[in-house]
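Positions 6 to 373 (our numbering) are the ones given, in order, by the sequence shown.
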Amino acid sequence: MTKRDLPLKVIVWGTGSVGTEVLQTILDIRDDLEVVGVRVYSDEKVGVDAGDLAKRSTQGVLATTNSDDIIALDADCVIYTPRKASLDDVCAILESGKNVVTTAFLFHPRRLDPADLARLTAACEKGGVSVHGSGLNPGNLSAVLPLALSGMTRSIEKVTLQERADWSVYESTEITFNNMCFGQPVESISPTANEFLAFNSSLFSEMVWFIADSLNADIDTVTADVEAIAAMEDHQIFDHLLKAGTTAGQHWRWVGRRGDEELVEIEALWTVGGEYPGHWPKPQDGWTLTIEGDPSMQVHFISLASFTREVPLEDHVHAASVATAMQITNAIQDVCAAAPGPVTAADLPLIRSYGGFGNTPRAELASR
Ligand SMILES: NC(=O)c1ccc[n+]([C@@H]2O[C@H](COP(=O)([O-])OP(=O)(O)OC[C@H]3O[C@@H](n4cnc5c(N)ncnc54)[C@H](OP(=O)(O)O)[C@@H]3O)[C@@H](O)[C@H]2O)c1
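If you want it as structure tokens, here you go:
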């Protein structure tokens with residue numbers, strides 16, 4: 006357990022939707038954290054002040070694309086949120102003595118390729134620090150919530166997490182069409198179709214292993230399969246035309262089995278254009294977590310900008326990025342205090358909102 010002085014010095018690595026929420030939160034309400042560096046990828050952000058990137062006051066910290074300069078900084082923790090995750094980068098950060106919280110990967114390191122796990126663990130030990138991957142899903146809904154609910158069960162037969170979402174409202178059409186392959190021929194969609202689909206699929210497989218490992222399922226395998234569905238008609242999605250006959254639906258299943266028994270399942274029912282195949286299961290939009298056991302239980306989760314105020318649709322859509330960002334930002338102090346090594350929701354205390362209702366004076370918050 007490492008005791009670090011407050012404020013903790015932090016670096017924000019990646020300033021997309023999630024990273025910007027992290028940056029704004031730190032500048033607005035986290036007197037226990039001080040931003041000392043910002044790593045970006047876009048040329049137009051180089052040399053821009055952290056405050057300007059977050060639409061806040063000037064901080065005197067300029068963004069850079071130079072990883073070596075960032076790693077050379079003195080800091081307690083890196084908040085790592087790039088689009089493409091790099092184990093090399095994370096190991097270099099850890100070796101330099103900085104903890105890492107990330108939304109991009111490392112959600113259940115124990116099930117990494119053994120050579121990668123050995124590297125990651127050695128980097129943590131060399132730096133005397135920890136790494137924690139989390140977010141919304143993968144993250145809270147596939148790690149914290151199943152464990153929290155399981156506290157009310159005597160025994161478990163099956164855990165199922167269903168995610169139903171229509172991606173038409175997501176402005177990042179590069180991810181929807183290039184990475185996730187919507188709009189491409191249905192025959193071209195598979196768990197190994199390209200590097201991104203394989204990586205994305207591996208993250209959800211990791212979460213199945215996490216639930217199984219944390220709840221004594223002793224599974225043998227996790228399988229991934231996907232059914233792609235063709236659009237019945239054309240759909241204009243922001244700047245992109247999704248053509249009739251190309252992929253408009255993907256039904257993914259990641260299943261953990263012990264022998265022939267299906268014990269843990271994560272299911273994704275993803276569409277673009279709003280056509281919903283009649284033969285697919287029909288959970289509500291959002292996430293439905295079901296524990297079949299003694300007793301059985303089910304919760305439905307959805308995050309919006311507000312349930313009471315009128316807000317623009319884009320704010321509702323953005324709520325998922327806020328939730329993702331907060332899950333790791335709220336974990337920073339606990340990750341910095343953890344024993345060196347990879348840590349998951351099964352190792353950390355229950356992560357709570359740092360600011361909460363916001364009624365505690367700032368100085369008191371920082372000394373908590
Ligand atoms: N666990 C979860 O629940 C969850 C939920 C949502 C997202 N995520 C993950 O969180 C990460 C950030 O998501 P986001 O929604 O913020 O994405 P985003 O808005 O698309 O932001 C993209 C980020 O990637 C950076 N980037 C640009 N080119 C890159 C490259 N060649 N290699 C690596 N990074 C590059 C951008 O750099 P700049 O700073 O220059 O803009 C920006 O920081 C992603 O890994 C995403 O998969 C996880």
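Cβ atoms here follow ideal geometry from the backbone N, Cα and C, with glycine treated the same way.
Straight-line gap, residue i to residue j (C-alpha atoms, nearest Å)
i, j, result
"Ser-308", "Val-322", "9 Å"
"Arg-258", "Leu-208", "12 Å"
"Leu-141", "Phe-182", "22 Å"
"Arg-9", "Ser-135", "13 Å"
"Gln-167", "Leu-150", "13 Å"
"Thr-334", "Val-106", "8 Å"
"Thr-126", "Gly-133", "10 Å"
"Ile-356", "Ala-249", "44 Å"
"Ala-153", "Arg-169", "22 Å"
"Leu-318", "Trp-292", "19 Å"
"Leu-268", "Val-164", "6 Å"
"Gly-42", "Pro-288", "43 Å"
"Ile-180", "Leu-146", "22 Å"
"Gln-64", "Val-40", "8 Å"
"Val-17", "Gly-283", "44 Å"
"Ile-34", "Val-15", "14 Å"
"Asp-218", "Thr-349", "12 Å"
"Asp-93", "Leu-32", "29 Å"
"Asn-71", "Asp-81", "19 Å"
"Leu-13", "Leu-38", "5 Å"
"Asp-299", "Asn-221", "15 Å"
"Ser-195", "Ser-311", "36 Å"
"Asp-36", "Val-95", "26 Å"
"Thr-158", "Val-304", "14 Å"
Residue i burial status per 10 Å Cβ neighbour count (16 or more: buried)
i, result
"Met-6", "Any reading at Met-6 is ruled out, since the residue's pLDDT is 45, under 50, leaving its predicted position unreliable."
"Met-331", "buried"
"Pro-354", "exposed"
"Asp-246", "Here residue 246 is Leu; the residue named in the question, Asp, does not match the sequence. By the 10 Å Cβ count, Leu-246 comes out exposed."
"Pro-286", "exposed"
"Asp-320", "exposed"
"Thr-20", "buried"
"Pro-345", "buried"
"Ser-326", "buried"
"Ser-62", "exposed"
"Glu-49", "exposed"
"Ser-139", "buried"
"Glu-315", "exposed"
"Ala-128", "buried"
"Thr-108", "buried"
Beta-bridge pairing of residue i - partner residues as DSSP gives them
i, result
"Ile-75", "Ile-75 pairs with nothing; no bridge assigned."
"Arg-88", "For Arg-88, which the question treats as bridged, DSSP gives no partner whatsoever."
"Ala-244", "In the sequence as presented, Ala is not what sits at residue 244; that position holds Asp. Answer is none; Asp-244 lacks a bridge partner."
"Ile-15", "The residue asked about is misnamed: residue 15 is Val in this sequence, not Ile. DSSP output for Val-15 lists Val-40, Cys-82 as bridge partner(s)."
"Ala-233", "Gln-255"
"Val-106", "Ile-84, His-137"
"Ala-68", "Val-43"
"His-323", "Partner(s): none; His-323 has no beta bridge."
"Ala-203", "None, per the DSSP bridge assignment."
Candidates the options, of which the one nearest residue i by Cα
i, options, result
"Ala-148", "Glu-315, Leu-294, Ser-326", "Leu-294"
"Thr-252", "Asp-352, Gln-189, Thr-178, Ser-358", "Gln-189"
"Thr-25", "Ala-342, Ile-161, Thr-329, Val-269", "Thr-329"
"Ala-235", "Val-83, Asp-352, Cys-186, Lys-287", "Cys-186"
"Ala-68", "Ile-34, Ser-62, Asp-37, Val-45", "Val-45"
"Gly-254", "Ser-173, Ser-326, Ile-271", "Ser-173"
"Val-27", "Asp-36, Ala-59, Asp-171, Lys-50", "Ala-59"
"Ala-351", "Asp-290, Ile-216, Gln-303, Ile-34", "Ile-216"
"Pro-143", "Ser-358, Thr-365, Glu-272, Tyr-359", "Glu-272"
"Ala-343", "Glu-130, Ser-160, Leu-117", "Glu-130"
"Lys-296", "Ser-195, Ile-161, Ser-219, Glu-179", "Correcting the residue identity first, residue 296 is Ile in this sequence and not Lys. Closest option to Ile-296, Cα to Cα, is Ile-161."
"Met-302", "Cys-82, Gly-156, Ala-222", "Gly-156"
"Leu-122", "Tyr-359, Pro-347, Leu-202", "Pro-347"
"Gly-264", "Val-304, Asp-223, Asp-244, Gln-338", "Asp-223"
"Arg-116", "Asp-225, Thr-178, Val-83", "Asp-225"
CB contact check: residue i to chain D, cutoff 8 Å
i, result
"Ile-75", "Within the model displayed, chain D is absent; a lone protein chain is all it includes."
Original post:
Contact between the region 200-217 and the region 95-115: three or more CB pairs below 8 Å?
Top reply: The region 95-115 and the region 200-217 touch, with three or more beta-carbon pairs separated by less than 8 Å.
Subject >> Touching by the beta-carbon criterion (3+ pairs, under 8 Å), the region 221-234 and the region 260-274 >> reply: In this structure the region 221-234 lies against the region 260-274, because at least three pairs of beta carbons, one per stretch, are closer than 8 Å.
Original post:
Does the region 90-104 come close enough to the region 69-78 to have 3 or more Cβ pairs within less than 8 Å?
Top reply: Contact between the region 90-104 and the region 69-78 is established, with three or more Cβ pairs separated by less than 8 Å.
Original post:
Using 8 Å as the threshold, is the region 85-96 in touch with the region 53-60, meaning 3 or more CB pairs across them?
Top reply: No, they do not touch.
Subject >> Validate contact between the region 269-281 and the region 239-250 using beta carbons, cut 8 Å, 3 pairs >> reply: The region 269-281 is in contact with the region 239-250.
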